[in-house]
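Asks: Got a structure for you, questions after.
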Amino acid sequence: MNRASRTASVVVAGSYNAGLTVYGGGLPAAGETVLAHRFEAGPGGKGANQAIGIARLGVDVAFATKLGDDVFGSQARATLVSEGLPPHGIMTGSGPTGVAVILVDTSGDNAISVAPGANLELTSRDVILALGDELEKCSYIVCQLECPSELAAGLAVWAHEGGKGVVLNPAPARPIDRGDLHLFDVLTPNEVELATLARHLGVETARVETQALALVDWGVGTVVATLGAKGALRASVDGVERFPAYAVEVLDTTGAGDAFTAGLVAALARGSTMDDAIDAGCRSGAFCVTRRGVIDGLATSGELETAVPWDQARTTDGSP
Ligand code: RIB
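Following this line, the structure appears as structure tokens:
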């Protein structure tokens, strides 16, 4: 069956950014210039990464995004279509295509600055008009925070009326209106994003368990926090559980959170339990950091099965 004619079971609405990545010895301090050794340009943006990641894992995805009418926009459209994402979700705005300047050091850590451009024009109305059929049929809707916050909240209201699951990757770190938190079934923050969300609720502790449970108290269904080498943490009304990280050789952490969310959502869309989906997310994130750049780090199901000896890579506990 032609991919375009299959029913989408996930809709991702969010950003596309052209990624301009410099690999160097260290991240520069304010006012400092450092000499790096390698440059790469390629596709990115948290929305695009998550949509491509889910598609590569064999789950039908429709992606809604806004590009500029420029060379980066043309490249983006070609990439997204070649990944099997339906063209009618890929819209053109009046601003330029989003651009991310990414610096990666030798330990794989990164610093990213994004000029969102046309991403800031994407509204929930645009998505509903462009992908109405896919939204009706899908089981999960996935958003991030590189577009206006109205996008995630507006789609979540719509989704709840239709009984869909709503997953928000609250990245980059931005506060969310506390009255909107109940709209999200699953949040996938990293540690910085989790602390930002908790601080906005008046929670000042550094304990990630307390931060995550505060979000649950405000109505989030499940908080799945990604903690890098410390693994992941799940918090819900059933309590808190930690999940171990997989120990792999880290080349580039860019996009690991996107790969995690893609792995988690793909598993949920296939009917996995939340705990199995978190493990799938941990594997996708671990695979991603072993590759340079985001796109090469988004695994197919086959690559995930064979590229890493998961039993040997499993660490014994997820404690901090
Ligand atoms: O999460 C990684 C992504 O963040 C990069 O692809 C970059 O575009 C920024 O959006």
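Position in the sequence shown (first residue = 1) + 763 = this note's numbering.
From the three backbone atoms N, C-alpha and C, an ideal C-beta is built for every residue, glycine too.
Report the residue from H851, G861, S845 and A818 whose alpha carbon sits nearest the alpha carbon of D832.
Replies: G861
Asks: Taking only three categories from DSSP, how would you classify G993?
Replies: Strictly speaking, residue 993 in this sequence is Lys, with Gly absent from that position. Helix, per DSSP.
Asks: DSSP three-state label for A1070, please.
Replies: helix
Asks: Quick one: give me the first and last residue of the beta strand (DSSP E) that S876 is part of.
Replies: N873 to A878
Asks: Whose beta carbon lies closer than 7 angstroms to any heavy atom of ligand 1, going through the chain in order?
Replies: S778, N780, G782, G807, G808, K809, N812, A863, I865, I875, V877, E909, A934, T1017, G1018, G1020, D1021 and V1057
Asks: Roughly how many whole angstroms lie between the Cα atoms of A1070 and F1050?
Replies: 8 angstroms
Asks: Which runs of the beta strand (DSSP E) fall wholly inside the segment 892-937 and span at least 3 residues, in chain order?
Replies: 903-907 and 928-932
Asks: Using 10 angstroms around the beta-carbon of R888, count the other beta-carbons present and answer buried if the total reaches 16, otherwise exposed.
Replies: exposed
Asks: Taking just the CA atoms, how far does D823 sit from G816?
Replies: Distance between the alpha carbons of G816 and D823: 11 angstroms.
Asks: Cα-Cα, which of V929, V867 and R1033 is closest to G1018?
Replies: V867
Asks: Determine whether the beta carbon atoms of V979 and V971 lie at a separation below 8 angstroms.
Replies: Taking the C-beta atoms as reference points, V971 is found no nearer than 8 angstroms to V979.
Asks: List in chain order: all unbroken alpha helix (DSSP H) runs of 4+ residues lying wholly within the segment 944-1018.
Replies: 954-963 and 971-980
Asks: Starting from R819, trace the alpha helix (DSSP H) in both directions and tell me its first and last residue.
Replies: K809 to R819
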